[in-house]
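Chemist: Take the sequence shown: its letter number 54 is residue 53 in numbering that gives the first Met the number 0, and every next letter is one higher. Attaching a single structure in structure tokens format; questions to follow.
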Amino acid sequence: MSSRTTSPEDRYTAEPFVPDGADLTALREAAAGCRGCPLHRDATRTVFGEGAADARVMLVGEQPGDQEDRQGRPFVGPAGQVLDRALAQAGIDPGEAYVTNAVKHFKFTRAEPRKRRIHKAPTLREAAACAPWLAAELAVVEPELIVVLGATAGKALLGSSFKVTEARGTVLEREIHGRPERLVPTVHPSSVLRADDREAAYQGLVADLDVAARLLR
Ligand code: URA
Ligand code: SF4
């Protein structure tokens, strides 16, 4: 019998599921079977990142939403449509970016059984559990630039003191998972859809993405 000084939640981690030295295809296959934290139980499937291994820019969102969970692809729902439009307007071809999320399973609640699934923000602990997947994606893709979409991605990559309002539209240089990275944070595209003034919020997103686009020129 062991006396437990930590809660079982402290052991949440994707680490044992991540194969060493794997390419994106092998990582994606392994991630499909991840049980590193409880989020895999209620979600339909793992939504791994998508894009070329030689992509110059990596976009990191929060977690898959309802549509992403159904289709198994990141940013294919309403937030993804906003993101693609804003990227194109800033001069970044969405098809040339590697797109992923800090957390790879959809977390949700239901107001009532069989009712619509409502997005629930992942905890820092869930994001930390999932971080080995993002670290593996970064190691393979080695992007020139990471675009950080919102607070969850920001905290996952830059620490819990990250604040979107302070960091958005600036260029940060940090060591992340042992590699020097350049990052441009911005708001999460779904916040544009919730904003009172959607047009102003959208133009703010485009302005931040312009900063990223200039670095890629
Ligand atoms: N929101 C995200 O953060 N990621 C997705 O893939 C979809 C919506
Ligand atoms: Fe694994 Fe991440 Fe899914 Fe948790 S959310 S089970 S760590 S892939």
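The beta carbon of each residue, even a glycine, is placed where N, CA and C say it ideally should be.
1. Hey, would you say P184 sits closer than 9 Å to L144, going by beta carbons?
2. Can you confirm whether the segment 36-52 touches the segment 159-166 when touching is taken to mean that 3 or more C-beta pairs between the two stretches lie within less than 8 Å?
3. Taking all protein chains shown into account, decide if D83 is buried (16 or more other Cβ within 10 angstroms of its Cβ) or exposed.
4. Does any heavy atom of the ligand SF4 sit closer than 8 Å to the C-beta of T45?
5. I'd like to check one pair, M57 with A29: are the Cβ atoms closer than 9 Å?
6. Under 8 Å from any heavy atom of the ligand URA, does the C-beta of P63 make it?
7. Please name the residue, chosen from R55, G90, A85 and K106, that lies closest to P63 on a Cα-to-Cα basis.
8. Look at the alpha carbon of E174 and the alpha carbon of K114, and state the distance between them as a whole number of angstroms.
9. Less than 8 Å between the CB of F74 and some heavy atom of the ligand URA, yes or no?
10. I'd like the list of long-range same chain contacts for R213, defined as Cβ closer than 8 Å, with 5 residues on each side in sequence excluded.
11. Who are the near neighbours of E172 in its chain, counting only those whose CB is closer than 6 Å to its CB and skipping five residues on each side?
12. Take C36 as the anchor and find which of T169, D22, V205 and R10 has the nearest alpha-carbon.
13. Cβ-heavy atom distance between G71 and the ligand SF4 below 8 Å?
14. Any heavy atom of the ligand ADP inside 8 Å of the beta-carbon of L133?
15. So, for V210: in the same chain, excluding its five sequence neighbours on each side, which residues have a beta-carbon less than 7 Å away from its beta-carbon?
16. Kindly give me the distance between the Cβ atoms of R40 and G71, rounded to whole angstroms, as I take these residues to be in contact under 8 Å.
17. In the DSSP assignment, the beta strand (DSSP E) including V186 goes from what residue to what residue?
18. Does E174 come out as helix, strand or coil in the three-state DSSP assignment?
19. Indicate whether A85 and L215 have their beta-carbon atoms separated by less than 9 Å.
20. Would DSSP call G153 helix, strand or coil?
21. Closer than 8 Å to a non-hydrogen atom of the ligand SF4 - does that hold for the CB of A13?
22. For T160, count the other beta carbons within 10 Å of its own beta carbon; 16 or more makes it buried, fewer makes it exposed. Which is it?
Modeler: So, from the listed chains and residues:
1. Counting from 1 along the sequence shown, the entry for residue 184 is found at position 185. Counting from 1 along the sequence shown, the entry for residue 144 is found at position 145. Not closer than 9 Å, so no.
2. no
3. One-based indexing of the sequence shown puts residue 83 at position 84. By the neighbour-count rule (16 or more Cβ atoms within 10 Å), D83 is buried.
4. Translated into positions along the sequence shown, residue 45 becomes position 46. T45 Cβ: within cutoff of the ligand SF4.
5. Taking the first residue of the sequence shown as 1, we reach residue 29 at position 30. Taking the first residue of the sequence shown as 1, we reach residue 57 at position 58. Going by C-beta atoms, A29 is not nearer than 9 Å to M57.
6. On the sequence shown, position 64 is the one that residue 63 refers to. At least one heavy atom of the ligand URA is nearer than 8 Å to the Cβ of P63, so yes.
7. In the sequence shown, the residue the question calls residue 63 occupies position 64. Selected option, being the one with the closest Cα: K106.
8. Walking along the sequence shown from the start, residue 174 turns up at place 175. Walking along the sequence shown from the start, residue 114 turns up at place 115. Cα to Cα, E174 sits roughly 43 Å from K114.
9. As a working note, residue 74 is residue 75 in the sequence shown. Yes; taking the cut-off as 8 Å, the Cβ of F74 has a heavy atom of the ligand URA nearer than that.
10. Translated into positions along the sequence shown, residue 213 becomes position 214. So the list is empty, once near-sequence residues are dropped.
11. Sequence index remark: in the sequence shown, residue 172 carries index 173 (1-based). R181.
12. Counting from 1 along the sequence shown, the entry for residue 36 is found at position 37. Answer by Cα proximity: R10.
13. Against the sequence shown, residue 71 aligns to sequence position 72. Because no heavy atom of the ligand SF4 lies under 8 Å away, the Cβ of G71 does not count as near it: no.
14. The model depicted lacks the ligand ADP and carries the ligand URA and the ligand SF4 instead.
15. Position 211 of the sequence shown holds residue 210. So the qualifying residues of the chain are G168, V170 and V183.
16. Along the sequence shown, one-based indexing puts residue 40 at 41. Along the sequence shown, one-based indexing puts residue 71 at 72. Rounded, the Cβ-Cβ distance is 17 Å, inconsistent with contact.
17. As a first step, residue 186 must be located in the sequence shown, where it is residue number 187. Here V186 belongs to no beta strand (DSSP E), and DSSP marks it neither H nor E.
18. Here residue 174 corresponds to residue number 175 of the sequence shown, with the count starting at 1. Correct three-state label for E174: strand.
19. Along the sequence shown, one-based indexing puts residue 85 at 86. Along the sequence shown, one-based indexing puts residue 215 at 216. No, these two residues do not count as a Cβ contact at 9 Å.
20. Taking the sequence shown and counting its residues from 1, the one referred to as residue 153 is at position 154. Note: G153 maps to helix in three-state DSSP.
21. Start at 1 with the first residue of the sequence shown, and residue 13 comes out as number 14. Within the cutoff, so yes.
22. Taking the first residue of the sequence shown as position 1, residue 160 is located at position 161. According to the sequence as given, residue 160 is Ser; it is not Thr. Burial call: exposed.
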